[in-house]
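Input: a single structure, listed below in structure tokens.
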Amino acid sequence: MSKIKLKVGDLVKVIAGKDNTKTGKIIRIDHKKESILVEGVNMITKHAKPSAKNQQGGIIHQEGPINVSNAMYLHKGKPTRIGYKLVDGKNGTEKVRVAKSTGEVID
């Protein structure tokens, strides 16, 4: 299993699949399945029975998971890979995420 370098709230671009070239924020990450939920990407329909949470029931449109390998981090509007760098900070050395294309610190 590879390490997922993306975080919840990151802006990503889909680079493969039916939703190719769409962008959105990451809603949820599943580390075991190596999949992510991206806002407005891979929309699926679910048929729901009426319940306490959803009293009306009916057809619900929601995001489906996509594999992490099919999404790339967007840095200044361009897709880029993510790396790590050790930087001296307040509390000694810190490990920070870096955009591979520009070398700039992401967070």
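Following my numbering, the numbering of the sequence shown begins with -5 at its first residue and continues without gaps. From the three backbone atoms N, C-alpha and C, an ideal C-beta is built for every residue, glycine too.
(1) I'd like to know whether the C-beta atoms of I30 and P59 end up nearer to each other than 8 Å.
(2) Counting Cβ pairs, one atom from each stretch, are 3 or more of them under 8 Å apart for the region 12 to 31 and the region 51 to 65?
(3) Extract the residue ranges of the beta strand (DSSP E) inside the region 64 to 89, only unbroken runs of 3 or more that lie entirely within it.
(4) Measuring only the C-alpha atoms, how far is V81 from V35?
(5) Evaluate Y78 with the Cβ neighbour count: other Cβ atoms within 10 Å of its Cβ, from every protein chain shown; 16 or more gives buried, anything less gives exposed.
With the given structure in hand:
(1) yes
(2) yes
(3) 65 to 69, 72 to 74, 76 to 83
(4) Whole-angstrom Cα-Cα distance: 35 Å.
(5) exposed
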